[in-house]
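Worksheet: one structure, shown below.
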Amino acid sequence: MKKNLLFIIIGTALFFLAGCSESDQSGDEGSDQTQIVTTTSFLTDLAKEIGGDHVSVTGLMGPGVDPHYYQPSTSDIIAMGEAEVVIYNGLTLEARFTEVFEHLGERDVLTLKAADGIADSKVLHELEEEDTQAVDPHIWFSVSRWKQVTRYVAEELIGHDPENAAHYKENAEAYIKELDELSTYIETRVAEVPESSRYLVTAHDAFQYFGEEFNFEVVGLQGINTQTEAGTGDISQMANFIVDRDIHAVFVESSVSPRSIEALIEATGSRGHALRNAGELYSDALGSPADDSDTYISMFKANIDTIVDALTRVE
């Protein structure tokens, strides 16, 4: 039923797009800016950093929106069809956009998959039942990989809009320097946490890239996809893991229901083990300007401060 509904939405959007002229698709009338549509808030921020004044960026997903669940609306599909460039994460993150991206290929829209900016060997996988592997789409939690995505998007924009090549190149290089500074900040803060305490327990398995890059053991109640909630068995198994390793801090996520973490705290409590909700992490979306977490860099700093402050707290 949901798939049929999506086809109806796509069909309706394509009907409206059929009346659009080539001049409509090439951007707002009278504007020299490249019209870009992005899916996740991370990509919205990245496109603005690289494009600056030469692009107009429309982000489909706002603060706290879970991309695993997000269903594109008719207006979303029309916006993508009218754009010059569409940037999406890929690796099945935007699972409900698959048919939309296929239809975009029929129009003159440059469609960029951010994950194409990193080598296949650098994509992490999660082992599922029957020894099958699911790709992990949360590439933004590796700063080194995000630098590669930055270079890839910049190169593609240069190819699309060569007149502003110098501008895109300069912005990308400046942003990569900021990402290098971010890595240094993270490494400095992580050094405050004893290696024996570097456990990151969260609602879903979104932080494996972070764990690999900054030497944390990461465990999530749910897998890499948030479309199914953790069951009783998952919670019991995680409670045993936490008690065995004397872990006292777990984290909720801004785009995931806290119910499973609350159940986990209750389960460990029944075993006589004190476990606390140590704060909220941004996982699948940026935060809001009011929380000073509406950019990739500010989001990452907020996360690492929350993690380190919690794991260095004296119980």
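In terms of mature numbering (1 follows the signal peptide of the UniProt record, and there is no 0), the sequence shown is residues -18 to -1, 1 to 297. Don't be surprised by glycine CBs; every beta carbon is placed ideally from N, CA and C.
Original post:
Taking Cβ positions, are Ile158 and Thr132 nearer each other than 7 Å?
Top reply: On the sequence shown, residue 158 is found 176 positions in, with the first residue counted as 1. On the sequence shown, residue 132 is found 150 positions in, with the first residue counted as 1. The criterion of a C-beta distance shorter than 7 Å is satisfied by Ile158 and Thr132.
**OP:** Measure from the alpha carbon of Asp118 to the alpha carbon of each residue in Ile229, Glu76, Glu137, then state which is nearest.
**Re:** The residue given as residue 118 occupies position 136 in the sequence shown. For the residues Ile229, Glu76, Glu137, the minimum Cα distance to Asp118 belongs to Glu76.
Subject >> Proximity of Asp48 and Asp266 at Cβ, strictly below 7 Å >> reply: For this step, residue 48 is matched to residue 66 along the sequence shown. For this step, residue 266 is matched to residue 284 along the sequence shown. Cβ atoms of Asp48 and Asp266: closer than 7 Å.
Original post:
Between Ser38 and Gln53, is the Cβ-Cβ spacing less than 7 Å?
Top reply: Numbered from 1 along the sequence shown, position 56 holds the residue referred to as residue 38. Numbered from 1 along the sequence shown, position 71 holds the residue referred to as residue 53. Not closer than 7 Å, so no.
**OP:** List the endpoints of the continuous alpha helix (DSSP H) containing Arg227.
**Re:** One-based indexing of the sequence shown puts residue 227 at position 245. Going by DSSP, Arg227 is part of no alpha helix (DSSP H) at all; its letter is neither H nor E.
**OP:** Out of Gly72, Glu211, Asp143, Arg253, point me to the one whose CA is closest to Phe24's CA.
**Re:** In the sequence shown, counting from the first residue as 1, residue 24 sits at position 42. Distances from the CA of Phe24 to each of Gly72, Glu211, Asp143, Arg253 were compared; the closest alpha carbon is that of Gly72.
Original post:
With DSSP run on the structure shown, which of helix, strand or coil describes Ala116?
Top reply: For the purposes of this step, residue 116 is identified with residue 134 of the sequence shown, where counting begins at 1. If DSSP states are grouped into helix, strand and coil, Ala116 belongs with the strands.
**OP:** Compute the Euclidean distance between the alpha carbons of Ala284 and Gly99, then round it to the nearest angstrom.
**Re:** Locating residue 284 in the sequence shown gives position 302, where the first residue counts as 1. Locating residue 99 in the sequence shown gives position 117, where the first residue counts as 1. Taking the straight line from one Cα to the other gives about 26 Å.
Original post:
Is the Cβ-Cβ distance between Leu139 and Ile279 less than 7 Å?
Top reply: Within the sequence shown, the letter at position 157 stands for residue 139. Within the sequence shown, the letter at position 297 stands for residue 279. At a Cβ-Cβ threshold of 7 Å, Leu139 and Ile279 do not count as neighbours.
**OP:** With a cut-off of 8 Å on the beta carbons, I'd call His149 and Gly34 a contact; round off their distance for me.
**Re:** In the sequence shown, the residue the question calls residue 149 occupies position 167. In the sequence shown, the residue the question calls residue 34 occupies position 52. With a Cβ gap of about 6 Å, His149 and Gly34 count as contacting.
**OP:** Whole angstroms is fine: what's the gap from Val135's alpha carbon to Glu244's?
**Re:** As a first step, residue 135 is located in the sequence shown; it is residue number 153 there, counting from the start. As a first step, residue 244 is located in the sequence shown; it is residue number 262 there, counting from the start. Whole-angstrom Cα-Cα distance: 39 Å.
Original post:
Going straight from the alpha carbon of Leu257 to that of Thr250, what length do you get?
Top reply: Locating residue 257 in the sequence shown gives position 275, where the first residue counts as 1. Locating residue 250 in the sequence shown gives position 268, where the first residue counts as 1. Looking at the two C-alpha atoms, the distance is approximately 7 Å.
Original post:
What residue ranges within the stretch 68 to 139 form continuous beta strand (DSSP E) runs of no fewer than 3 residues, ordered along the chain?
Top reply: Unbroken beta strand (DSSP E) runs of no fewer than 3 residues, entirely contained in the stretch 68 to 139, are found at 92 to 95, 107 to 109, 115 to 117, following chain order.
**OP:** Look at Met220 and Leu246 and say whether their C-beta atoms are less than 7 Å apart.
**Re:** Translated into positions along the sequence shown, residue 220 becomes position 238. Translated into positions along the sequence shown, residue 246 becomes position 264. Yes, they are a contact pair.
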